[in-house]
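Below is one structure; the comments refer to it alone.
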Amino acid sequence: MIGRLLRVRCAVAKRLGTKGAAVALALFLVVVVVAAGTAMGLTGKAGTGETTYVDVSMQHMRYSLPTIEVPAGNRLVINLRNDDEDMVHDLVLDNGAHSERLAPGQSAQVDVGVVDHTLHGWCSISGHRQMGMELEVVPRGASSDDGAMSGHDMAAMSGHDGSAADDMDLMADPGPDFTPYDAVLPPLKPLSGGEVRKSTITIEESTKEVAPGVEQKVWTFGGTMPGPVLHGQVGDTFEVTLVNHGTEAHGIDFHAGSLAPDTVMKPIPPGGSVVYRFTAERAGIWMYHCSSMPMSVHIANGMFGAVVIEPPDLPKVDRSYVVVQSEQYFGPQGGSADPDKVMAGVPDTVDFNGYPRQYDHFPLPAKVGERVRVWVLDAGPSRGTAFHVVGTQFDTVYSEGAYLLGGGGDSGATGSGGSQALGLMPAQGGFVEMTFPEPGHYPFVSHVMTDAERGAHGLFEVTN
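Residue numbers for the sequence shown follow the working numbering, beginning at 41 and rising by one.
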């Protein structure tokens, strides 16, 4: 082919003269590079000139062809289709070839290039790779040296750029633009007959400061982590319109309601919405969270919140607060939660209301002798809590729908008894009540002390 191009170049040069020869030479070089490139892949090696086409479907967190065998030196083109009902997927290979993110029903071609060594591919949507969305491209007839390159390539291309935890200083002040999560639970306004508690919650993606020195791209309900607290009493009906302003499929699961998950809990695509209606039939503090898989990653990246349903005849108190414990597993600065860390279950921080130690810097106020109620929810995704207030004792404890101490005593546990901690597993909740005997600063912590030291720590500031 190059010989034919040389003969054409000489013929053109004779007709065009010296300047024309220069132009012809430049054109010739471009054509030669392009011609040579058609037989080369992203590896930069020449191939056979043959192209292999394969069809790959994405569904249920799997690629339909987990192993693709290609004659060594062939160019590979993957016809990729997303056959999932509600999840966005993509394909990224460790030689740099990749697809765009595909919504359900969408297709794309991925030109992998010439395959001369083993390649690894995965879905880059957070957590999907850990759920099993991986494939391998294997050249038939490749030398062992070529195949051995894959481990090095994969390590280089896997996207692990270090953890933002390296930049964190838990004892530092929050940044100047930080606003603490409002833990106050206002008194409940009763509904009139037939009234429904309506709200709209938007799913948002944004980069926020989530610890001193750390910014992450979080997914949130309503722009906060945790999401907004919904508040009602037994018998109230809630109607929540969920709108997905994110770039991935997300859904919602309200533990406060009982209904089949088939429709209202299905993930909704970007730009979609759903109306979720439920009646609160039982009291407690109930978790809500994203219903998309893997749920552990979606919760760890900010998609959780609380619904407080008051039991009948709940006594009035002077102050009421909501404290939601959760965990963070940092990716790189500006990135999202690291799915590998989430799966390992060793968090970088354990937080009250989405930010470590925020109430050390912005204490919750109370006065001597006031009765204070704290509703506590453990949102996980993986660790329990032992909620404790240093310097006082609980005279009332309510856990998972029943009084353990005081409050009329479902268990009969009244009299001189007291409690030092409310123990909860992930997705469990309750409340405690206490009074403070004198002015001062009273720490509240998870008495899983390693978690208190990871950030599950705050203060009550008590004055006369």
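Beta carbons: idealized from backbone N, C-alpha and C, even for Gly.
Taking only the alpha-carbon atoms, compute the straight-line gap between residue i and residue j and give it to the nearest angstrom.
i, j, result
"Tyr482", "Arg102", "51 Å"
"His428", "Leu131", "47 Å"
"Glu255", "Ser246", "10 Å"
"Val70", "Gly375", "In this predicted model, Val70 has a pLDDT of only 34, less than 50, meaning its place in the structure is not dependable; the value taken from the coordinates is given anyway. So the alpha carbons of these two residues sit roughly 40 Å apart."
"Ser147", "Glu140", "9 Å"
"Gly457", "Lys356", "21 Å"
"Gly12", "Ser298", "For residue 12 there is no data in the structure shown, the boundaries of the chain being 41 and 504."
"Ala251", "Asp380", "20 Å"
"His329", "Gly424", "17 Å"
"Ala212", "Glu244", "28 Å"
"Leu133", "Val315", "38 Å"
"Glu304", "Gly181", "The amino acid occupying residue 304 in the given sequence is Val; Glu does not appear at that position. Going by the C-alpha atoms only, they are around 51 Å apart."
"Gly409", "Phe434", "13 Å"
"Asp126", "Leu445", "45 Å"
Determine the contact status of residue i and residue j, defining contact as a CB-CB distance below 9 Å.
i, j, result
"Phe500", "Pro405", "yes"
"Glu176", "Ile108", "yes"
"Gly469", "Trp415", "yes"
"Ala289", "Trp326", "no"
"Ala320", "Val280", "no"
"Pro179", "Val269", "no"
"Ala492", "Val390", "yes"
"Thr436", "Tyr443", "yes"
"Asp203", "Pro372", "Asp is not the amino acid found at residue 203; the sequence shown has Ser there. Yes, these two residues count as a Cβ contact at 9 Å."
Answer with buried or exposed for residue i, where buried requires no fewer than 16 other C-beta atoms within 10 angstroms of its C-beta.
i, result
"Asn119", "exposed"
"Gly345", "buried"
"Met539", "Because the chain spans 41 through 504 in this model, residue 539 falls outside it and cannot be assessed."
"Gln398", "buried"
"Asn504", "exposed"
"Val236", "exposed"
"Asp124", "buried"
"Ser313", "exposed"
"Val386", "exposed"
"Asp156", "buried"
"Pro214", "buried"
"Pro307", "buried"
"Ser232", "exposed"
Between the options, which lies nearest to residue i when the distance is taken from Cα to Cα?
i, options, result
"Val154", "Cys163, Thr88, Asp206", "Thr88"
"Pro220", "Gln373, Thr503, Gly498", "Gly498"
"Pro466", "Val437, Ser422, Pro111", "Ser422"
"His100", "Gly409, Asp156, Val128", "Val128"
"Thr242", "Gly311, Arg413, Pro387, Gly431", "Gly311"
"Trp439", "Thr432, Leu417, Gly431, Gln433", "Note on residue identity: the sequence assigns Ser, not Trp, to residue 439. Answer by Cα proximity: Leu417."
"Asp206", "Ile292, Asp388, Val485, Ser336", "Asp388"
"Asp353", "Gly447, Phe484, Met305", "Gly447"
"Val430", "Glu478, Leu445, Ile292", "Glu478"
"Ala496", "Phe402, Tyr395, His168, Gly181", "Tyr395"
"Asn122", "Ala143, His138, Ser332, Ile165", "Ala143"
"Gly286", "Asp302, Ile165, Gly253", "Ile165"
Among residues of its own chain, excluding the 5 on either side of residue i, which ones have a beta-carbon nearer than 7 Å to its beta-carbon?
i, result
"Val224", "Tyr361"
"Glu350", "Leu228, Gln273, Ala323"
"Asn393", "Tyr221, Ala223, Pro266, Val363, Val364"
"Tyr93", "Val117, Asn119"
"Ala461", "Ala426, Phe427, His428, His487"
"Leu105", "Val94, Val96, Leu175"
"Ala340", "Glu367, Gln368, Tyr369, Ala377, Val382, Pro421"
"Phe218", "Glu249"
"His401", "Asp213, Pro214"
Once the 5 residues before and after residue i are set aside, which same chain residues still bring their CB inside 8 Å of it?
i, result
"Arg55", "For Arg55, the pLDDT reaches just 41, beneath the cut-off of 50, and the residue's location in the model is therefore unreliable, leaving the point undetermined."
"Val412", "Val357, Asp358, Arg359, Ser360, Tyr361, Ala406, Glu473, Met474, Thr475, Phe476, Phe500"
For residue i, I'd like the list of residues in its chain whose CB is within less than 6 Å of its CB, leaving aside the five on either flank, ordered along the chain.
i, result
"Gly342", "Val258, Trp259, Thr260, Met265"
"Met335", "none"
"Pro403", "Leu499, Glu501"
Under 8 Å: does the beta carbon of residue i sit that close to some heavy atom of the ligand ATP?
i, result
"Thr389", "Looking at this structure, you won't find the ligand ATP or any other ligand, since it has none at all."
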